[in-house]
Structures are given as C-alpha cells and as structure tokens.
C-alpha cells in the first residue's frame with residue numbers, strides 16, 4: 225500500500241483559483257485544492273464557509289466563474305458523463321426520490337453505472353439493515369443516509385464525495401458510515417473527500433485537511449502537520465492583565481488575570497519570542513486538537 | 069492486538085500506533101511470529117485512516133519490529149527487535165514530563181518525587197526490588 | 002389600529018392572518034378582476050358589437066374560473082412537502098396549542114363563507130348578465146358549491162397517503178354535479194328532500210374533516226407499516242420480489258419520467274373520459290327535450306373525444322420540463338443531476354416520455370368514446386359516425402387513422418413545445434416566454450379577426466403569407482442548426498440524438514404534407530397546399546428541442 229503524498233503529480237481532484245460569487249457575497253474566493261489518488265481529504269469550516277459550494281463545483285452543478293476544476297483531468301461541466309460516472313456522491317440534504325422504494329432507487333441508479341456490483345450492493349443492504357421494499361420517504365434519517373451512501377458506493381467509484389455524511393445521525397449509524405468509508409479507502413486507489421463538523425472524525429480518517437472560512441482556504445495540509453504547526457500554550461504574566469493581551473500569531477486568547485491560554489500558529493521558538501515580547505512566560509504547551517484549531521481560527525478573528 | 073487511539077493526546081495517530089505496537093512487543097504480549105492484523109482490519113477496528121496504519125506499519129518494518137512475508141501476511145519479527153535505549157527513554161520521558169509538571173504545580177520537591185517513585189516500584193513489584 | 006393588531010393575537014386570528022398574509026395580493030388582484038368584469042357587463046349592455054361581446058363574455062367566464070380555482074387553492078389549506086412527498090393539512094399547525102375542532106372550523110368556515118360570497122357575487126352580477134348561468138337557482142348552486150368546497154377540504158386533509166388518493170378526491174368533487182343538477186334532473190322532487198341532501202352533505206364533510214384531522218394529529222397515519230401491510234395484503238408476493246434491472250440508462254430515466262410526469266396526461270384523460278361522455282349525452286338529451294338547443298349535433302361526442310387530450314396537454318405542458326412536479330423551482334434534483342448522462346440524453350428521454358403519454362391519453366379517450374357511444378347511443382350513434390366519415394369503415398381506416406395519428410402528434414407537440422424554455426429552470430425566463438407566447442398568439446388571433454372584417458387587409462396578408470412562411474421556416478432551421486452545432490460542440494448532445502430529433506421532425510413534417518395533399522385536393526384548394534405543408538413544418542417543434550440540451554446544460558451547471 226502506497227502512502228499518498230501531497231507532492232505527487234497524480235491529482236484526482238485539482239481545483240485552482242476557483243472563484244464563485246452569489247451576488248455581492250463571495251462564496252468561494254481563489255480556492256485551490258488538490259487531492260492525490262488514494263488519500264482522504266477532510267473539508268472543515270463553519271456553516272456557510274463554502275464547503276457545499278466547493279463540492280457542487282466538483283460535481284459540475286455549479287460552473288466556475290473564474291479558475292478551473294478538474295476531476296481525473298476532466299472538466300465536470302464540459303464532460304459530465306466522463307466525470308460523474310467515476311464519482312460517488314452523498315449530498316448534504318440527502319435528497320433522494322421519496323416516492324421510490326429502496327430497491328427501485330437502487331435499480332434506477334444501477335442503470336447509469338456499468339461497474340455496479342450487485343453482490344456488494346446486497347452485502348451492504350444487509351449490513352445497513354435496509355428493507356428493499358420500503359419507500360424512501362418513510363425511512364428514518366439514518367436509514368436515508370445509508371440508502372444514499374449505498375447508492376454511492378455500490379458501483380465502486382474512484383472518487384467518493386460525502387457532504388456532511390454524519391450530520392444529524394446517531395453514533396451507531398455514524399460508525400457504520402465511517403467504517404464504510406475506511407473500507408473504501410483501504411481498496412487500492414480509492415479517493416475520498418468528505419466535509420464534516422465532527423472534527424474527531426476528520427482527525428481519525430483524513431490524510432489531508434482543508435479548512436474554509438468565508439470562502440477562503442485558511443488551512444491546507446497533512447492532518448498531522450496542521451496540528452503540529454499549532455501550539456496551545458498557557459501564558460503567565462507577572463501582573464494581572466486588565467485587557468485581553470495581544471499576541472502576534474495567536475488565533476484565540478482567553479483567560480483572566482495573570483494566566484491566559486492562547487492558540488498559537490508557528491514553532492516553539494517563535495512562541496517563546498512572542499511571549500517574551502509581551503513580558504509573559506510559557507507555563508505549558510501542547511499540541512491542540514483540530515477542534516480547538518477550528519474554533520480558534522473561526523471565532524478568534526477579532527482578538 | 070488491542071490498541072487505543074486518543075485524539076486529544078496531541079501525539080500523531082500513526083505515532084501512537086507505532087509506540088503501542090512496540091510496547092506490546094517489548095512487554096511480550098505480542099510474541100515473535102505472531103500475526104499482526106492486516107491494515108484494513110486494524111483501520112476498521114480503530115476507525116482510523118488505513119493510510120495512517122500503513123504509514124505506522126512501514127515505520128515498524130523499517131525499525132525491524134515487524135516483517136512482511138510473501139503470502140503469510142505481516143508478523144512480529146523473530147529476533148526480538150532491539151529497541152534503542154534512547155528510544156525507550158524517549159517514551160518514558162513523556163510520562164516523566166507529566167509527572168514533573170504535576171509535582172511542580174503541587175509544590176512537591178524533586179527528592180520527594182524520587183522517593184515516591186521508589187516506593188511505588190516496591191508496591192508494584194515487591195520481589196524485583198529486593 | 003392597536004385593537005386590530007390585538008385581535009390577530011387570538012389563535013383564530015393567527016390562523017386567519019396566515020391565510021390573509023399569504024394571499025392578500027392575489028385577493029386584491031381578484032378584486033380588480035371582478036371590478037373589470039363588472040365594468041364590462043355594463044359596456045356589453047350598451048354596445049351592439051356582437052362578436053366583441055362574445056369574446057369578452059368568454060374572458061369574463063375565464064376570469065371567474067381562475068378566481069374560483071384560486072380561492073380553492075388558497076382556502077383549501079393543503080400543503081405539499083417536497084421532501085416527504087406528503088400532501089395534506091399543514092403539519093406544522095398540529096404543534097400549535099389550538100384544539101383540533103378549531104383547526105378544522107377556521108379554514109372551513111372562513112373559506113366556505115368567502116367562496117360562497119365570491120361565487121354569489123360573480124354569479125349574480127357577472128355570470129347571469131352575460132347569460133352563462135341563465136335563470137338557474139343561484140342560491141342552490143352556491144350552496145352545492147359550498148358542499149363541494151368543504152368536501153375537497155375534508156378529503157384533502159384527512160385521506161391517508163394511500164395510492165389513488167387524488168382520484169377519490171376528484172371523484173367526490175365530480176359527484177357534486179348530481180346535487181347541482183338536481184333541480185333540472187328531478188324537477189318534481191319536493192324542496193325538503195333537496196335540502197335534506199344538502200344538510201347531509203354538509204354534515205358528512207364536517208365529520209370527515211374533524212375525525213380525519215384528529216386521527217392525523219395523533220399520528221395514526223404516520224406509521225408506514227400500516228399501509229405496507231395493507232398494500233402487501235392486496236399484492237401478495239410483491240413486497241419481496243427483487244426489481245428487475247433496467248436495460249439501459251435511457252430506460253431507467255424513462256421509467257422515472259413516466260412515474261413523475263408521464264402518467265399525468267393519460268391519467269387525467271382517463272378520469273375525464275369516465276364521465277365527460279355521459280355528461281355530454283345527458284346535456285344533449287336535456288337540451289333536445291327542452292327544445293332550446295335544437296337537435297343535438299351527432300359529431301359533438303367524437304369531436305370532444307378527439308380534441309380533449311390535445312387541450313389537456315396544453316394544460317400540463319408547463320410541468321413537462323420539470324423533473325419533479327412537486328419541486329417549486331425548475332432546479333434539477335441532485336439525485337438526477339449527478340447521474341452520468343448527457344444533457345441531450347435527458348431531453349431525449351423527456352421527448353420519448355411525452356410521446357408515450359400522448360399516445361396513451363389519446364387511446365384512453367378514444368376507447369372511452371367508443372365505449373360510451375356503444376352503451377348510450379347504440380348502433381345509431383355509430384351509424385352517425387359512419388355517415389360523418391361518408392363511406393363507413395374503409396373510409397374511416399383511410400382517413401380516420403391518419404387523423405388519429407395527427408392528433409397524437411399534436412398532443413405531443415403541445416406537451417414538448419415549451420421544453421426548451423422550461424428546462425432552463427429559471428422562473429423569470431419561463432414567465433417571460435409564457436408572456437411572449439401569449440402576446441404572439443394573441444397577435445395572430447387579433448390579426449385574423451381584423452382580416453375577417455377587412456377584405457383589403459385579408460388580401461394583403463394572403464399575398465404576404467408565402468414569404469412569411471418561407472422566412473419563418475428558414476429562421477427556424479437556421480436557429481435550430483446553430484443550437485445543435487453549439488450543443489454538439491459543448492458535448493451537450495450526441496450526434497445520434499440530433500439525428501433522432503431532426504429525423505423525427507422531418508418525418509412528421511412529411512406526414513403532415515402528405516396528409517394535407519388529398520384534403521386540399523378534396524376542398525379544391527390545391528394552390529394552398531405548399532403553404533399548408535410549410536405551416537405544418539413550422540408548427541412542429543424543432544428549435545425548441547434544439548435549444549433544450551443547452552437549456553439543460555445551463556440548468557445543470559449553474
């Protein structure tokens with residue numbers, strides 16, 4: 225099994241300089257993202273940061289206003305057949321045709337994909353405990369998500385795009401879905417892009433993390449690197465601080481009196497320098513979780 | 069082979085896998101020649117990215133802890149790998165750091181900490197320390 | 002003012018306010034339409050211009066029908082949920098701290114009163130003066146109308162989401178024709194009996210609504226297993242059979258389109274066919290006996306049958322371009338947009354679906370016509386049809402079969418004519434185009450009308466006609482070629498699909514040309530034949546179909 229690297233030229237998804245505006249609001253601003261074959265990319269960001277908009281561009285449902293989008297080297301707008309035949313997609317709203325029965329939906333979907341694997345479909349159907357005779361509109365939220373995922377997995381797509389696959393689901397269903405993703409990745413050459421609010425999921429299964437904020441990419445790198453490039457540090461001041469101290473390179477500062485916790489992006493020596501500059505000493509430091517980084521980056525703009 | 073992955077620990081996941089496998093081998097819970105679970109199985113079990121497991125296995129192979137044989141999968145290496153003393157001390161160092169930080173917060177002097185360590189060691193393995 | 006605002010704060014007030022707030026502008030529009038029609042009634046009484054009066058009468062009737070349908074929609078209080086595909090009483094209101102009886106009573110009482118008064122106002126001041134309602138008993142019709150409205154509400158709310166739900170509602174609505182015609186049909190019936198029927202109807206509607214809504218509110222129908230078991234009981238063995246694989250993506254998409262859109266036209270035609278013929282028969286008989294309408298026209302029945310699907314297709318055409326009739330905007334559902342199919346492929350499927358729907362709708366109608374003629378009219382009616390086709394069965398086969406083909410063709414044309422515009426999925430474009438179409442057709446009607454009055458204008462128009470037709474045809478072909486070229490270059494359509502569309506257009510055009518030749522000869526208008534043939538080609542959609550893949554591209558890749 226090859227370990228995917230960011231530098232390899234074989235990008236399954238190549239987005240560069242993508243711009244999208246809805247009226248005045250820039251939904252995507254100069255977004256560039258590359259995903260290597262066989263890797264898992266976690267797309268994170270607040271609601272409205274542009275995650276779904278980016279995903280819709282990948283599927284050709286939105287047309288780039290500037291910049292390029294390529295999947296497998298093909299333009300999804302110019303060649304929807306060539307691209308969509310190799311992509312599996314679970315939409316955020318899970319809009320499936322409620323009037324169809326589960327098996328009708330599967331047959332309908334199957335007709336479009338020659339690579340549909342009936343044995344795999346049956347296996348998943350059993351594993352997900354779906355009743356083929358049930359109407360989709362009567363399925364529970366978790367079952368709907370599973371049905372959508374099944375239809376996206378059964379033809380073994382080269383690229384799997386999941387928009388918030390686990391939002392609103394209970395832990396059991398979430399686990400099922402996570403395991404299905406892991407199994408897909410474990411097969412040679414399958415690439416996954418998923419957006420999520422659940423950062424511990426992203427941390428567990430993403431090789432690469434892209435964080436969007438206000439339509440811009442604010443973080444893009446290997447999951448480990450992203451975490452290692454941030455330090456959560458406790459600063460101690462000699463005197464109680466009446467106002468929130470300003471620390472260069474810090475994304476969030478919170479605390480009271482003499483002790484303040486900051487989320488710093490940069491090396492340890494840079495942190496030491498920055499702390500010394502404002503007359504504080506570093507009490508302890510640790511690697512923050514992605515969750516902390518996201519919250520700090522998203523909420524700490526002003527401080 | 070039972071591993072535990074902690075997301076909040078600050079240690080990269082692949083490193084957690086490497087360290088825990090090494091620890092299992094060092095403690096004898098993984099005997100030489102024992103099967104190491106395939107990448108897919110371990111990834112599913114721990115619910116982590118298979119690429120991460122692959123990366124950990126690669127590192128373990130490089131260090132000679134495990135070997136991949138054609139046809140029979142991955143097993144723990146026959147010759148008990150000589151984990152460099154430096155490496156072992158590095159693993160312990162992390163725990164020591166935590167202990168010392170706590171001690172300094174509680175205002176316990178270093179001598180008392182050392183005494184405590186000896187005392188605990190005696191309580192845990194009475195016959196060894198004699 | 003403050004008191005007025007406070008009055009809204011009661012639960013009843015809030016329920017009423019919701020209706021009012023949502024529809025106030027359309028209510029205002031209705032008022033304007035009413036006043037305009039009132040003004041016209043005055044004008045008609047004063048003028049001598051007969052044709053103008055007739056046209057305006059039709060317009061007033063159309064105004065009334067639109068206004069009434071709008072009232073039904075706004076007070077019907079039935080909401081559709083796109084996601085769960087549920088239609089019925091707005092479920093969100095169940096969460097309000099209001100008793101079920103009030104939830105029932107407010108929209109029923111208030112809606113009933115409004116529709117009754119609006120109906121009476123239109124009937125008294127507009128419909129009767131222009132002679133549509135004659136001297137009928139307005140109050141009686143108004144009250145039957147009230148029952149009709151209440152029944153629609155009651156069934157619309159309380160019927161569980163079972164298959165055939167809308168059919169039951171439709172039949173219940175149609176059944177109200179019987180009490181409506183009671184004074185004519187049973188003139189000897191004592192008045193008390195009529196009122197008893199009415200009171201019974203009212204009572205049943207309210208009971209159904211109250212009982213049904215309380216069941217609904219308790220979530221009795223929410224359990225899908227309840228229906229699944231019933232359904233499985235009726236279709237043993239069906240639940241566990243694995244659905245057969247589709248032969249191709251085309252077949253799968255056709256299956257989907259058929260279930261979403263295709264059944265609409267044949268279904269409507271089939272339902273109408275059930276009762277439209279007996280109704281015409283009854284009316285003819287009634288008029289014939291009364292002696293007011295003269296002898297019933299023997300060709301009326303078959304003509305209605307032949308033309309009805311064509312008329313209906315115009316009504317459902319606007320929905321054809323959508324992929325889901327419940328979807329308010331024309332945007333593609335994601336589960337369709339993400340399928341690897343060319344945009345032209347989706348268009349071709351729609352065309353095929355429309356053809357299937359047209360053919361079936363026409364067949365239903367003709368079958369029903371034949372059935373009712375046989376049942377009601379006996380051999381005599383068939384004889385009359387035979388006379389009308391002058392030489393019996395042989396003539397029917399020679400002339401009638403192409404005619405039927407012609408009707409299917411034009412039903413289909415009606416269905417797909419707006420597809421290129423509709424597939425853009427943008428409301429402003431469909432709105433604008435609808436307006437443009439209306440203006441264009443209206444202009445032609447006005448021109449024809451003026452030409453009928455002015456001989457000089459008529460001559461000029463006839464002289465210009467060939468040139469106009471040639472120019473129109475050239476324009477159409479040029480436009481379609483440009484669109485096809487673009488579509489091919491952008492891979493929106495395959496060469497094969499272009500071949501199908503152009504080939505189909507040419508074949509249909511040739512059929513019309515060939516079909517019109519003997520007719521022109523028989524009518525002694527042979528010189529007009531090339532012009533009629535050209536008109537045929539011009540009427541058949543080509544440009545619209547050519548831009549459809551591009552429109553689809555624009556919709557799918559926003």
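Residue numbers (the numbering used here), protein chains in the order written: chain F, 225 to 527; chain U, 69 to 198; chain R, 2 to 559. In this text, a Cβ means the ideal position worked out from N, Cα and C, and glycines have one as well. Bear in mind the structure is a predicted one, so any value in this text is a computation, not a measurement.
(request) Closer than 9 Å, Cβ to Cβ, to anything on chain R: give me those residues from the stretch 276-295 of chain F, in chain order. (result) 280, 283, 284, 285, 286, 287
(request) Could you check the C-alpha separation between residue 407 (chain F) and residue 268 (chain F) for me, to the nearest Å? (result) CA-CA distance, residue 407 (chain F) to residue 268 (chain F), rounds to 22 Å.
(request) For residue 271 (chain F), count neighbouring C-beta atoms within 10 Å of its own C-beta (all shown protein chains included) and say buried if the count is 16 or more, exposed if not. (result) exposed
(message) Relative to the C-alpha of residue 133 (chain U), which candidate in U:104, U:115, U:110 has its C-alpha closest?
(response) U:104
(request) Note the first and the last residue of the continuous beta strand (DSSP E) segment covering residue 337 (chain F). (result) For residue 337 (chain F), there is no enclosing beta strand (DSSP E), as DSSP marks it with neither H nor E.
(request) Mind checking the stretch 90-111 of chain U against chain F and listing, in chain order, the residues whose C-beta falls within less than 8 Å of any C-beta there? (result) Of all residues in the stretch 90-111 of chain U, only 107, 108, 111 come within less than 8 Å of chain F when Cβ atoms are compared, listed by chain position.
(message) Using C-beta distances below 8 Å, list every residue in its chain close to residue 289 (chain F), excluding the 5 sequence neighbours before and after it, in chain order.
(response) Excluding sequence positions up to five before and after residue 289 (chain F), its CB lies within less than 8 Å of the CB of 243, 244, 245, all in the same chain and listed in chain order.
(request) Would you tell me roughly how many angstroms separate the C-alpha atoms of residue 437 (chain F) and residue 497 (chain F), rounded to the nearest one? (result) The alpha-carbon atoms of residue 437 (chain F) and residue 497 (chain F) are separated by roughly 28 Å.
(request) Check whether the stretch 346-356 of chain R touches the stretch 415-424 of chain R, taking contact to mean three or more Cβ pairs, one atom from each stretch, closer than 8 Å. (result) yes
(request) Can you give me the start and stop residues for the beta strand (DSSP E) that residue 87 (chain U) sits inside? (result) Taken as a continuous stretch (DSSP letters only), residue 87 (chain U) belongs to no beta strand (DSSP E), being part of the alpha helix (DSSP H) at 81-94.
(message) With H, G and I counted as helix, E and B as strand and the rest as coil, what does DSSP make of residue 516 (chain F)?
(response) helix
(request) Please decide whether residue 248 (chain F) counts as near chain R, where near means a Cβ-Cβ distance under 7 Å. (result) no
(request) Whole angstroms is fine: what's the gap from residue 227 (chain F)'s alpha carbon to residue 380 (chain F)'s? (result) For residue 227 (chain F), the predicted model reports a pLDDT of 45, less than 50, meaning its position is unreliable; a value from the coordinates is still stated below. Rounded to whole angstroms, residue 227 (chain F) to residue 380 (chain F) spans 21 Å at the Cα level.
(message) Can you confirm whether residue 335 (chain R), when its beta carbon is compared against all beta carbons of chain F, has any partner nearer than 7 Å?
(response) yes
(message) Let me make sure I understand the geometry here. Which of R:44, R:36, R:89, R:361 has the alpha-carbon closest to that of residue 64 (chain R)?
(response) For residue 64 (chain R), the nearest C-alpha among the options comes from R:36.
(request) Using a Cβ-Cβ cut-off of 7 Å, state whether residue 328 (chain F) counts as contacting chain R. (result) yes
(message) Let me confirm a value: residue 232 (chain F) is counted as buried when at least 16 other C-beta atoms fall within 10 Å, else exposed. Which label applies?
(response) Because residue 232 (chain F) carries a pLDDT of 42, less than 50, the predicted location of this residue cannot be relied on, and no value is offered for it.
(request) Grab me the residues of residue 74 (chain U)'s own chain with a C-beta within less than 8 Å of its C-beta, minus the 5 sequence neighbours each way, in chain order. (result) Correct list, in chain order: 84.
(message) Check whether the stretch 148-168 of chain U and the stretch 461-474 of chain F touch, using three or more Cβ-Cβ pairs below 8 Å as the test.
(response) no
(request) Report the rounded CA-to-CA distance for residue 14 (chain R) versus residue 107 (chain R), giving the unit in angstroms. (result) Approximately 9 Å, taken between the alpha carbons.
(request) Can you grab the Cα-Cα spacing for the pair residue 86 (chain U) / residue 126 (chain U), in whole Å? (result) Each residue's alpha carbon lies about 9 Å from the other.
(message) Quick check on the DSSP output: the beta strand (DSSP E) that includes residue 159 (chain U) runs from which residue to which?
(response) Looking at the DSSP string, residue 159 (chain U) is not in any beta strand (DSSP E); the run it does join, the alpha helix (DSSP H), is 153-174.
(request) Using alpha carbons as the reference points, say which of F:305, F:469, F:273 lies closest to residue 503 (chain F). (result) F:469
(message) Let me check one thing: in DSSP terms, what residues is residue 483 (chain F) bridge-paired to?
(response) F:460, F:480
(message) For a cutoff of 7 Å on Cβ pairs, would you count residue 316 (chain F) as touching chain U?
(response) no
(message) Can you pull the chain F neighbours of residue 519 (chain R), defined as C-beta to C-beta under 8 Å?
(response) Per Cβ cutoff of 8 Å: no residues; residue 519 (chain R) is ~45 Å from chain F at best.
(message) Based on DSSP bridge pairs, tell me the residues matched to residue 443 (chain F).
(response) Per the DSSP secondary-structure output, residue 443 (chain F) pairs in a beta bridge with F:435.
(request) Helix, strand or coil for residue 442 (chain R), going by three-state DSSP, please let me know. (result) Note: residue 442 (chain R) maps to helix in three-state DSSP.
(message) Just to confirm my understanding: we take residue 383 (chain R), look at its own chain, exclude 5 residues before and 5 after, and list those with CB closer than 8 Å. What are they?
(response) Residue confidence for residue 383 (chain R) is low, a pLDDT of 49 falling below 50, so the modelled location carries little weight; the figure read from the coordinates is stated next. Closer than 8 Å at Cβ, skipping near neighbours: 374, 375.
(request) Starting from the beta carbon of residue 309 (chain F), find every residue of chain R whose beta carbon is closer than 8 Å, and list them in chain order. (result) 341
(request) Examine chain R for any beta-carbon lying closer than 7 Å to the beta-carbon of residue 319 (chain F), and answer yes or no. (result) yes
(message) Rounding to the nearest angstrom, what Cα-Cα distance links residue 101 (chain U) and residue 143 (chain U) in this structure?
(response) 5 Å
(message) Let me see if you follow: with CB-CB separation under 7 Å, is residue 528 (chain F) close to chain R or not?
(response) No information on residue 528 (chain F) is available, as it lies outside the stretch 225 to 527 that chain F covers here.
(request) From the DSSP output, in three-state form, read off residue 270 (chain R) for me. (result) helix
(request) Count the C-beta pairs between the stretch 175-188 of chain R and the stretch 88-106 of chain R that are closer than 8 Å, then say yes if the count reaches three, no if not. (result) They do not touch, by the three-pair rule.
(request) Given a cut-off of 7 Å, decide if residue 120 (chain R) and residue 271 (chain R) are closer than it, judged by their beta-carbon atoms. (result) no
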